[in-house]
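Participant:
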Amino acid sequence: MTATVDSSPRSLSGWGRTMPTTALVSRPSDAPSVLASMCDDSGGIIPRGMGRSYGDAAQCSGGLTIDATGLGHIGALDETAGTVEVGGGVTLHDLMRHLIPLGWFVAVTPGTRYVTVGGAIAADVHGKNHHQEGSFARHVLEMTLATPSGMLAVAPERDSELFWATAGGMGLTGVVVSAVLRLIPIETSWMQVDTQRFTRLEQLMSTMERSDSRYRYSVAWLDCMGGRHGDHRSILTRGDHAPHAAIPDRLSGRSREVPGDPKLRVPHTAPGRLVNRLSVRALNEAWFRASRETRSLLRPLAAFFHPLDGVHQWNLLYGPRGFVQYQLAVPPERGDVIEDAVAAIASANVPSFLAVLKRFGPGTPGPLSFSQEGWTLALDFPLGPPELHALLDRLDDKVATAGGRVYLAKDSRLRPELLPVMYPRLGEMATVRRRVDPNGVLASDLSRRLGIPR
Amino acid sequence: MNDAFGHPQSIVVLGGTSDIARELVALLVADRGRSVVLAGRNQVALQRAAQDLIHVERVETVVFDAENPDDVDKTVAQCFEAAAEAVDLVIVAVGELGSQTTDELHPDRVVDMMTVNFTWPAAAMSAIAGRLRRQGHGRIIVLSSVAGFRVRRSNFIYGSAKAGIDGFGHGLSESLRGSGVAVHIVRPGFVRTKMTSGRSPAPFAVDPSRVASDIVRGVARGQTVIWSPGLLRWVFSALRLLPEPLWRRLPG
Chain A
267 MTATVDSSPR SLSGWGRTMP TTALVSRPSD APSVLASMCD DSGGIIPRGM GRSYGDAAQC
327 SGGLTIDATG LGHIGALDET AGTVEVGGGV TLHDLMRHLI PLGWFVAVTP GTRYVTVGGA
387 IAADVHGKNH HQEGSFARHV LEMTLATPSG MLAVAPERDS ELFWATAGGM GLTGVVVSAV
447 LRLIPIETSW MQVDTQRFTR LEQLMSTMER SDSRYRYSVA WLDCMGGRHG DHRSILTRGD
507 HAPHAAIPDR LSGRSREVPG DPKLRVPHTA PGRLVNRLSV RALNEAWFRA SRETRSLLRP
567 LAAFFHPLDG VHQWNLLYGP RGFVQYQLAV PPERGDVIED AVAAIASANV PSFLAVLKRF
627 GPGTPGPLSF SQEGWTLALD FPLGPPELHA LLDRLDDKVA TAGGRVYLAK DSRLRPELLP
687 VMYPRLGEMA TVRRRVDPNG VLASDLSRRL GIPR
Chain B
14 MNDAFGHPQS IVVLGGTSDI ARELVALLVA DRGRSVVLAG RNQVALQRAA QDLIHVERVE
74 TVVFDAENPD DVDKTVAQCF EAAAEAVDLV IVAVGELGSQ TTDELHPDRV VDMMTVNFTW
134 PAAAMSAIAG RLRRQGHGRI IVLSSVAGFR VRRSNFIYGS AKAGIDGFGH GLSESLRGSG
194 VAVHIVRPGF VRTKMTSGRS PAPFAVDPSR VASDIVRGVA RGQTVIWSPG LLRWVFSALR
254 LLPEPLWRRL PG
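From first to last, the protein sequence lines are chains A and B.
Take 267 as the starting number for the first sequence in the numbering used here and just add one per residue.
Take 14 as the starting number for the second sequence in the numbering used here and just add one per residue.
#1: Quick one, which residues of the stretch 88-109 of chain B are near chain A if we go by CB-CB under 8 Å, in chain order?
#2: Chain A partners of alanine 43(B), CB-CB under 9 Å?
#3: For the putative contact between aspartate 179(B) and serine 157(B), defined by C-beta atoms under 8 Å, what is the C-beta separation to the nearest angstrom?
#4: Kindly indicate the opening and closing residues of the beta strand (DSSP E) around arginine 715(A).
#5: Is DSSP giving threonine 331(A) helix, strand or coil here?
#6: Is arginine 190(B) close to chain A? Criterion is C-beta to C-beta, closer than 8 Å.
#7: Since I believe glycine 315(A) is in contact with glycine 355(A) (beta carbons under 8 Å), could you give me their beta-carbon distance rounded to a whole number of angstroms?
#8: Mind pulling the beta strand (DSSP E) runs of 3 or more residues that sit fully within the stretch 281-338 of chain A?
#9: Is it true that the CB of methionine 436(A) sits closer than 8 Å to the CB of serine 618(A)?
#10: Please list the partners that leucine 148(B) has in chain A, where partner means a Cβ-to-Cβ separation under 7 Å.
#11: Which full runs of the beta strand (DSSP E) of 3+ residues lie inside the stretch 402-428 of chain A, going along the chain?
#12: Closer than 7 Å, Cβ to Cβ, to anything on chain B: give me those residues from the stretch 390-417 of chain A, in chain order.
#13: Would you give the residue range spanned by the beta strand (DSSP E) that valine 590(A) belongs to?
#14: What does the Cβ neighbour count give for leucine 620(A), buried or exposed, with the cut at 16 atoms within 10 Å?
#15: Which residues in chain A sit within 9 Å of aspartate 227(B), going by Cβ to Cβ distance?
#16: In the DSSP assignment, find the unbroken alpha helix (DSSP H) run with threonine 88(B) in it and report its ends.
#17: Alpha helix (DSSP H) containing alanine 34(B): first to last residue?
#18: Only counting the same chain, and skipping five residues up and downstream in sequence, which positions put a Cβ closer than 7 Å to that of isoleucine 141(B)?
#19: Can you pull out the residues from the stretch 123-151 of chain B whose beta carbon lies closer than 7 Å to at least one beta carbon of chain A?
#20: Give, in chain order, every unbroken run of the alpha helix (DSSP H) that is at least 4 residues long and sits entirely within the stretch 160-218 of chain B.
#21: Using the beta-carbon of each residue, which ones in chain A are nearer than 8 Å to glycine 193(B)?
#22: Please state if the CB of serine 635(A) and the CB of alanine 595(A) are separated by a distance shorter than 8 Å.
#23: Give me the Cα-Cα distance between valine 194(B) and arginine 283(A), rounded to the nearest whole angstrom.
#24: What residue range is occupied by the uninterrupted beta strand (DSSP E) comprising leucine 620(A)?
#25: Measure the C-alpha to C-alpha separation of histidine 674(A) and alanine 433(A) and round it to an integer number of angstroms.
#26: From the DSSP output, in three-state form, read off valine 532(A) for me.
#27: If I measure Cβ to Cβ from arginine 146(B) and keep anything under 6 Å in the same chain, skipping five residues before and after, which residues do I get?
#28: So which residues of chain B does glycine 282(A) contact, with C-beta pairs closer than 8 Å?
#29: Would you say glutamine 22(B) faces chain A, with C-beta separation under 8 Å as the test?
#30: Is the Cβ of arginine 318(A) closer than 8 Å to any Cβ of chain B?
#31: Within a Cβ cutoff of 7 Å, which residues of the same chain sit near leucine 716(A), ignoring the five residues on either side of it in sequence?
#32: For chain B, check one thing: does any of its Cβ atoms lie closer than 8 Å to the Cβ of leucine 684(A)?
#33: When DSSP builds the beta bridges, which residues end up paired with glutamine 462(A)?
#34: In terms of DSSP beta bridges, what is serine 477(A) paired with?
#35: According to DSSP, what are the bridge partners of leucine 563(A)?
#36: Would you tell me roughly how many angstroms separate the C-alpha atoms of alanine 666(A) and arginine 660(A), rounded to the nearest one?
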């Protein structure tokens, strides 16, 4: 049983680097030491994986943060069932490197491989296949959860309240010690990708509505900075895993290549802020010009799913003040909110690189799980433009009124009073938390800031 | 907790009836504020200040006497208890301008002036720093003054006490590096407040609202020393080098 607790507090923040607070950190390497860590409960406890949530979800000011990355075992693959048992601290990067040569892949991957399985469950992450296959927790068959009231085994059919409160529950029900994941078989590590370009947002959205169902994976990138006549160009990429037959001879030796480590890194001497109005315009322009309309183009898996993982610590490009991510979801019939949001960002002239638009399939029963059927738009903004915070407050109002919500794994600034409007089933979450955490030990800066009830 | 834009949810003000502090709190609570604790010596004045904050979920008042340093620990503890959640920001706006010409003739008054402007707030900042350090985050904004930057004949009791609190703030700020707690030292020039009413304004005089907005901007930029107006940084950097005979002859 080993768990090392740092004797001095460490400063922790999310990927957006906006709200650092200090806390003690323990890094247990097995289940009993996770439970042992939970005995020191004076200032609150929250688990942390790779720290890829953008805001303050995986930090607990003045308390204890349980670094789960020590729970890194990958169990044997069950080829008949298509499942694998893994530790909660295993990263999807390591898991993919293990699975791809064996002809298997995770059922859902977010835009980065550098997240832990526990973190993926806690944020109930989604990928480009959400419209077909739902979010990450849909493919979790069972898990072992270390809670303040002990080790509990849960599954969708065994203590489903706790299972679903944990899926999207931002770590507030305990530490995912291990999980059994459903996998998908793949023949190669290549993707067959169709790319289309659009100059108007409504063309893009109607194409996605009409034909996303023909593709397993679909995502659109749009230029929020906008053109002269209120038009917003976009690139829609859709595809599926390539079968053996699609791999040409020259690539046959590389048909099950695993994603590597980042080749580029941001130097620590990078100047103040490289992401600004000018650079975002230039990057958007370059990206748009570089992308061609293609049919069944072969792309490496990492380039398709995780384009930013090629740059180590790309978040440093935003400079010391950091950046804000904003992701909203609205019902299928409220595409107008997406159009309004894009127009509002363009007219406020706040730079946003990487606006990502996607259609969601049905959500999960998780009361705090983000994905819900309809549209989702993800944006990021460097901190600095004075109009940004009021702009996001106005977007929140529109989203809430439309029956939508914002993603807590990315949040760093939501008005607390909108939380129950966006997540009306907070009460169910509170009931489960009171059961597994009667003394209210589990808390994060996020849960305190938003007043997530218990 | 603070949000990504640095908006605090929970604020404690020592010297809650100070004009600058009231303007600052009004600016800060507009976005995310949900708890404000106002501490001061006069309950009636505190209640009046609290009425400005009618839209804030929780407003509490705490009475203390800044001439009594035995009071410090208890007062700070009361403020943190009244906040009922983590305190994101503490504004230390305790102070008294006094009357130089009469005070300097009465050693008792000098003691009181030093207590109110230096001893009490310095001790309070120590108590606050300990609590914020345990809490893992937080900010202290302390009101210093240009009067402490180079102390003058015309207000050297007040000025020397402010010089003390300014230096104390700097040292405390260094001692808190890496703790998640930040200290901001505010050096306003002549501010038209009830404290200075009846005195003729010095050059570069400003209103409390200007000081408040300068503070908000300085905090967002992460400045340890915030001058208000910003121009005074350069004016006083030059005045500090002025030879004594010339300095003595400056009006005011």
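Even glycine gets a Cβ: it sits at the ideal position worked out from N, Cα and C.
Facilitator: Based on what the coordinates show:
#1: Within the stretch 88-109 of chain B, the qualifying residues are Glu98 and Ala99.
#2: Those within 9 Å of alanine 43(B) in chain A number zero; the least Cβ separation is about 11 Å.
#3: Contact flag correct, Cβ pair sits at about 4 Å.
#4: Not the beta strand (DSSP E): arginine 715(A) falls in the alpha helix (DSSP H), residues 711-716.
#5: In the three-state reduction of the DSSP assignment, threonine 331(A) falls in the strand class, which pools E and B.
#6: False, the Cβ-Cβ gap to chain A never drops below 8 Å.
#7: Yes, glycine 355(A) and glycine 315(A) are in contact; Cβ-Cβ is about 7 Å, under 8 Å.
#8: As for any beta strand (DSSP E) of minimum length 3 sitting wholly inside the stretch 281-338 of chain A, the runs are 287-294, 311-314 and 330-333, ordered along the chain.
#9: Between serine 618(A) and methionine 436(A), the CB-CB gap reaches or exceeds 8 Å.
#10: Before going further, note that residue 148(B) is glutamine rather than leucine in the sequence given. Ser327 and Gly328, listed in chain order.
#11: DSSP runs (the beta strand (DSSP E)) wholly in the stretch 402-428 of chain A: 406-413 and 416-420.
#12: Those would be none; no residue qualifies.
#13: Membership of valine 590(A) in the beta strand (DSSP E) is indicated by the continuous run 589-596.
#14: That one is buried.
#15: Result: empty, since nearest Cβ-Cβ is about 15 Å, beyond 9 Å.
#16: Counting along the chain, the alpha helix (DSSP H) containing threonine 88(B) begins and ends at 85-96.
#17: Here the alpha helix (DSSP H) through alanine 34(B) covers 32-42.
#18: These residues qualify, in order along the chain: Val89, Val103 and Ile153.
#19: Taking 7 Å as the Cβ-Cβ cut-off against chain A, the residues of the stretch 123-151 of chain B that qualify are Arg147, Gln148, Gly149 and His150.
#20: Qualifying alpha helix (DSSP H) stretches, in chain order: 169-188.
#21: What glycine 193(B) touches in chain A: Pro275, Ser277, Pro286, Thr287, Thr288 and Ser327.
#22: The answer is no: Cβ separation not under 8 Å.
#23: One alpha carbon belongs to valine 194(B), the other to arginine 283(A), and they sit about 16 Å apart.
#24: For leucine 620(A), the enclosing beta strand (DSSP E) covers residues 619-626.
#25: First, the amino acid is wrong: residue 674(A) is leucine here, not histidine. Roughly 12 Å between the two C-alpha positions.
#26: Coil, per DSSP.
#27: For arginine 146(B), where only same-chain residues beyond five positions count, the Cβ hits under 6 Å are Ser192 and Val194.
#28: Annotation: Cβ neighbours of glycine 282(A) in chain B (cutoff 8 Å, chain order): Ala17.
#29: Yes, glutamine 22(B) counts as interfacial toward chain A.
#30: With respect to chain B, the C-beta atom of arginine 318(A) has no partner C-beta closer than 8 Å.
#31: Non-local beta-carbon contacts of leucine 716(A) in its own chain, meaning distances under 7 Å to residues more than five positions away in sequence, involve Leu680, Pro682 and Leu685 in chain order.
#32: Taking 8 Å as the CB threshold, leucine 684(A) stays off the interface with chain B.
#33: Residue pairing of glutamine 462(A) in beta bridges, as defined by DSSP: Leu502(A).
#34: Note: serine 477(A) sits in no beta bridge, so no partner.
#35: Here leucine 563(A) is bridged, per DSSP, to Val459(A).
#36: Using only the alpha carbons, I get a separation of about 10 Å.
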